[in-house]
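Enquirer: This is the structure I want to talk about, given as structure tokens.
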Amino acid sequence: MDFVLAILVLFLIAFLFAATGHGGGSGYLALFLIWGVLPMEAKLYALVLNVLVSYLAFSNFRKAGLFDSSLAFPLLIGSLPAFCIFVKTAPGEDFYNQVVGLLLLFSALRLFVPHNKKKYKLKKKPKTWMLVLLGFCIGGLAGFIGIGGGIFLSPLLIFFGWADPKKTAAISSIFVLVNSALGVSLLLPELGWLWQIFALILNGSFLLVAVGFGGWLGSLHGSKTFNKVIMNRALGAILLIASVLLVY
């Protein structure tokens, strides 16, 4: 893929994901795999970008007063142990590509489904143990794939009526941030501290700038106002293309 095109695609992915409180890990992961990066290294690079974007997203959502710690903290308490266990899993390259491709397909199709505003009617908050258990399940799956887990968490929070879309985005952003930061700290020693840091600085400077700017801009709009339908359709189209490239 042309380098300039890669920069533009990463910027767009970061912008669209951050607008909904996600780090964009599944999108970055797909691109790295399409470029031929090995699964464990692709995990690391995607998580590094995830940390940057989710931090920017969380900062903007928190400033807007949308963060709900009573939901976020139990989810993280459950997620972190499971994420630790599965993030070091090294799956076969072909199998891993298929899993990520199917994940992207599911995510893309979900984004094309129109949302009924009535579904956003909030219900009573769940018991703490339910949030911890949910966090554990999502954390394990996210760790195996190498993403922050927001792509699984967000639809569940809205489906169960535990948070509205904007609060969901705020909760997802901190969930993704903490999981991704943990993943980076665990994978760097496995893959070699000095070499990976050198490679990230040498090859990733432009990528970090593009993703950082896209994430900041997306979260800024997402924490205030944006056309959800257009955002979802655009992001869904990108994920659909990436899923087809990975699966086939």
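Residue numbers (this note's numbering): 129 to 376.
Virtual Cβ for every residue (Gly too), placed ideally from N, Cα, C.
Which residue from Ser347, Gly342 and Leu374 puts its Cα closest to that of isoleucine 135?
Expert: Taking the sequence shown and counting its residues from 1, one reaches residue 135 at position 7. Considering only alpha carbons, the answer is Gly342.
Enquirer: Under 8 Å: do the stretch 180 to 192 and the stretch 230 to 239 share three or more Cβ pairs, one atom per stretch?
Expert: As far as the Cβ criterion goes, the stretch 180 to 192 does not touch the stretch 230 to 239, which means the pair count is below three.
Enquirer: Where phenylalanine 264 and phenylalanine 303 are concerned, what is the direct C-alpha to C-alpha distance, given to the nearest angstrom?
Expert: As a working mapping, residue 264 is identified with position 136 in the sequence shown. As a working mapping, residue 303 is identified with position 175 in the sequence shown. Between phenylalanine 264 and phenylalanine 303, the C-alpha separation is close to 12 Å.
Enquirer: Within its chain, find whatever has a CB closer than 8 Å to the CB of leucine 230; leave out the 5 residues flanking it on each side and keep chain order.
Expert: By one-based count along the sequence shown, residue 230 stands at place 102. Result list for leucine 230: Ser371 and Val375, in chain order.
Enquirer: Keeping to the same chain, check which residues put their C-beta closer than 6 Å to that of lysine 251; ignore five residues upstream and five downstream.
Expert: Here residue 251 refers to the residue found at position 123 of the sequence shown. Hits under 6 Å: Gly289.
Enquirer: Do tyrosine 156 and leucine 138 have their C-beta atoms closer together than 8 Å?
Expert: On the sequence shown, position 28 is the one that residue 156 refers to. On the sequence shown, position 10 is the one that residue 138 refers to. Yes. Within cutoff.
Enquirer: Going by Cα to Cα distance, which pick from Leu233, Met168 and Val181 is closest to leucine 316?
Expert: One-based indexing of the sequence shown puts residue 316 at position 188. Comparing Cα-Cα distances from leucine 316 to each of Leu233, Met168 and Val181, the minimum goes to Met168.
Enquirer: Just to confirm, is the Cβ distance from phenylalanine 189 to serine 347 under 8 Å?
Expert: As a first step, residue 189 is located in the sequence shown; it is residue number 61 there, counting from the start. As a first step, residue 347 is located in the sequence shown; it is residue number 219 there, counting from the start. For phenylalanine 189 and serine 347, yes; Cβs fall inside 8 Å.
Enquirer: Could you tell me the boundaries of the alpha helix (DSSP H) in which isoleucine 266 lies?
Expert: Here residue 266 corresponds to residue number 138 of the sequence shown, with the count starting at 1. Note, isoleucine 266: alpha helix (DSSP H), 256 to 273.
Enquirer: Could you check which residue in Ser197, Leu232 and Pro219 has the C-alpha nearest to that of isoleucine 369?
Expert: By one-based count along the sequence shown, residue 369 stands at place 241. Of the listed residues, the one whose Cα sits closest to isoleucine 369 is Leu232.
Enquirer: Assuming proline 202 and leucine 259 make a contact with CB atoms under 8 Å, what is their CB distance in whole Å?
Expert: Within the sequence shown, numbered from 1, the residue matching residue 202 stands at position 74. Within the sequence shown, numbered from 1, the residue matching residue 259 stands at position 131. About 4 Å; that satisfies the 8 Å criterion.
Enquirer: In this structure, does DSSP put aspartate 292 in helix, strand or coil?
Expert: Here the question's residue 292 lines up with position 164 in the sequence shown. It is coil, neither helix nor strand.
Enquirer: By the three-class DSSP mapping on this structure, what secondary structure does phenylalanine 195 have?
Expert: Taking the first residue of the sequence shown as 1, we reach residue 195 at position 67. Of the three classes helix, strand and coil, the one that applies to phenylalanine 195 here is coil, per DSSP.
Enquirer: Expressed to the nearest angstrom, what Euclidean distance is found between the alpha-carbon atoms of glycine 267 and serine 207?
Expert: Taking the first residue of the sequence shown as 1, we reach residue 267 at position 139. Taking the first residue of the sequence shown as 1, we reach residue 207 at position 79. Distance between the alpha carbons of glycine 267 and serine 207: 4 Å.
Enquirer: To the nearest angstrom, report how far apart alanine 298 and glycine 364 are at their CA atoms.
Expert: Numbered from its first residue, the sequence shown carries residue 298 at position 170. Numbered from its first residue, the sequence shown carries residue 364 at position 236. Near 21 Å, if we compare the C-alpha coordinates of glycine 364 and alanine 298.
Enquirer: What did DSSP end up calling proline 219 once you bin it into helix, strand or coil?
Expert: One-based indexing of the sequence shown puts residue 219 at position 91. Proline 219: coil per DSSP, three-state reduction.
Enquirer: Can the beta-carbon of glycine 278 be found closer than 8 Å to that of phenylalanine 211?
Expert: Position 150 of the sequence shown, counted from the start, is the residue given in the question as residue 278. Position 83 of the sequence shown, counted from the start, is the residue given in the question as residue 211. For glycine 278 and phenylalanine 211, no; Cβs fall outside 8 Å.
Enquirer: Which stretch, first to last residue, makes up the alpha helix (DSSP H) that contains alanine 158?
Expert: As a working mapping, residue 158 is identified with position 30 in the sequence shown. Alanine 158 -> alpha helix (DSSP H) spans 153 to 162.
Enquirer: Determine the contact status of glycine 271 and phenylalanine 214, defining contact as a CB-CB distance below 8 Å.
Expert: Here the question's residue 271 lines up with position 143 in the sequence shown. Here the question's residue 214 lines up with position 86 in the sequence shown. Yes.
Enquirer: Judging by CA-CA distance, which residue of Tyr224, Gly274, Lys295 and Leu285 is the nearest neighbour of lysine 191?
Expert: Position 63 of the sequence shown holds residue 191. Looking at the Cα atoms, Lys295 is the closest of the given residues.
Enquirer: Starting from the C-beta of alanine 170, find all residues in its chain whose C-beta is less than 8 Å away, skip the five residues before and the five after it, and write them out in chain order.
Expert: The residue labelled residue 170 in the question sits at position 42 within the sequence shown. Same-chain partners within the cutoff: Leu157, Phe160, Leu161 and Gly274.
Enquirer: What would DSSP say about lysine 171, mapped onto helix, strand or coil?
Expert: Taking the sequence shown and counting its residues from 1, one reaches residue 171 at position 43. If DSSP states are grouped into helix, strand and coil, lysine 171 belongs with the helices.
Enquirer: So, for leucine 175: in the same chain, excluding its five sequence neighbours on each side, which residues have a beta-carbon less than 6 Å away from its beta-carbon?
Expert: Numbered from its first residue, the sequence shown carries residue 175 at position 47. The residues are Ser308, Gly311 and Val312.
Enquirer: Measuring alpha carbon to alpha carbon, tell me which of Ser154, Ser197 and Gly193 ends up nearest leucine 177.
Expert: Locating residue 177 in the sequence shown gives position 49, counting from the first residue. Checked all of Ser154, Ser197 and Gly193; the closest Cα to leucine 177 is Ser154.
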